[in-house]
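Take the sequence shown: its letter number 251 is residue 250 in numbering that gives the first Met the number 0, and every next letter is one higher.
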Amino acid sequence: MSEDVAAFYDDLAAGYHLIVDDWEAWGRWQGDVLDKLIGTELGSDRRTLLDCSCGIGTQALALAERGYTVHATDLSPASITRAEQEAERLGLSLTFGVADFRKLEAQVEGTFDTVLTCDNALAHLMTEDDLEQAARSMAAKLKPGGLLLASIRDYDQLVQEQPETTPIRMFQSDNTGGKRIVFQHWEWAADGSDYIMHMFIVRPSLGGADWQMRSHTTHLRAWQRDEIDAALEAGGLTDIRWHMTEDSGYYQPIVTARLR
């Protein structure tokens, strides 16, 4: 898992912001939603946070902007370099490191009030052993009473539908990457347990006479909510609760759990 996933995000890091219309606004919106949920769960005085799949910093930067003391890690060195550049550009103070979220106890010092993994990162874990290892690893980085917060696509529903493509989106904003078309093609396994995702970003050439396409491919596991519940429980976490999009306002289902 590690080398393939790191390579996928290393390749995507420079253009990750292109997959949404306005990446900075997208991150700030996520920061608002996540800050509200964390505050509801922990109160306003527990503000240390580990984002253990930070990518180029979508959530980590937004939460640092809201006053959290953030350490952000990712498996992809190129993503961490990009996140550091974005933090410097925005004048934000947070720390970064390269780490595998299955091995945090050995790779990250200290414990935190909140451990965060968003944007479907758990789907890169292909086996039950990997998922349980990640749960134990994240739990090991929580302070007593701390909060694990993870988001993942609604695979309970998607497995029933097994869509082959995501909606085609066309973005026009000149100040956020220019005109581009973004979509994904999903190749499902026969049993619906996993799929190959091909992400396509199509942009006009410099002269505008034709279009150029880049593709990024990775393998994802369509974890069901009861499977994630079982892994979190095996990892020593309690009070496992799902916050669906209609309740949280977030764009993916969120699961929270506590270390007692």
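No residue lacks a Cβ here, since even glycine has one placed at the ideal position from N, Cα and C.
Note that the structure is predicted; figures quoted are calculated from it, not measured.
With a cut-off of 8 Å on the beta carbons, I'd call residue i and residue j a contact; round off their distance for me.
i    : j    : result
L157 : A61  : The Cβ separation is near 26 Å, so there is no contact.
A12  : R81  : 5 Å
L146 : D112 : 7 Å
V114 : L49  : 5 Å
R46  : T72  : With 8 Å as the limit, R46 and T72 do not qualify as a contact, their Cβ atoms being about 18 Å apart.
G54  : S78  : 5 Å
Q223 : D155 : 6 Å
R179 : L17  : 6 Å
F7   : T217 : 4 Å
E163 : W185 : 6 Å
L121 : D99  : Going by Cβ atoms, the distance from L121 to D99 rounds to 13 Å, so no, they are not a contact pair.
K140 : L103 : 5 Å
V32  : S247 : 7 Å
For residue i, which beta-bridge partners are listed by DSSP?
i    : result
M243 : Looking at the DSSP assignment, M243 forms no beta bridge with any residue, so it has no partner.
T68  : T47
D73  : V97
A256 : L147
T237 : R257
Within 10 angstroms of its Cβ, does residue i collect 16 or more other Cβ (buried), or is it exposed?
i    : result
E131 : buried
E85  : buried
R240 : exposed
R168 : exposed
Q29  : buried
A230 : buried
I195 : exposed
M137 : buried
A105 : exposed
Q171 : exposed
R101 : buried
T57  : buried
G26  : buried
A208 : exposed
A188 : exposed
T116 : buried
G234 : buried
G109 : exposed
S262 : The structure shown does not extend to residue 262, since the chain is modelled only from 0 to 259, so the question has no answer here.
D44  : exposed
D190 : exposed
Please report the residue range of the alpha helix (DSSP H) in which residue i lies.
i    : result
R27  : W22 to L41
T57  : T57 to E64
A134 : E127 to A139
For chain C, is any of its Cβ atoms less than 9 Å away from the one on residue i?
i    : result
G145 : The chain labelled as chain C is not found in the depicted structure, where only one protein chain is given.
Kindly provide the ranges of any beta strand (DSSP E) runs that are 3 or more residues long and lie completely inside the segment 182-225, ordered along the chain. Runs of the beta strand (DSSP E) inside the segment 182-225: 193-203 and 210-220.
inquiry  = Runs of 4 residues minimum, wholly inside the segment 91-117: which ones carry the alpha helix (DSSP H) assignment?
reply    = Unbroken alpha helix (DSSP H) stretches of 4 residues or longer found wholly inside the segment 91-117: 103-106, given in chain order.
Query raised in the report: Residue ranges of each beta strand (DSSP E) run of no fewer than 3 residues wholly in the segment 141-181, ordered along the chain?
Result: As far as the segment 141-181 is concerned, its whole beta strand (DSSP E) runs of at least 3 residues are 141-150 and 168-170.
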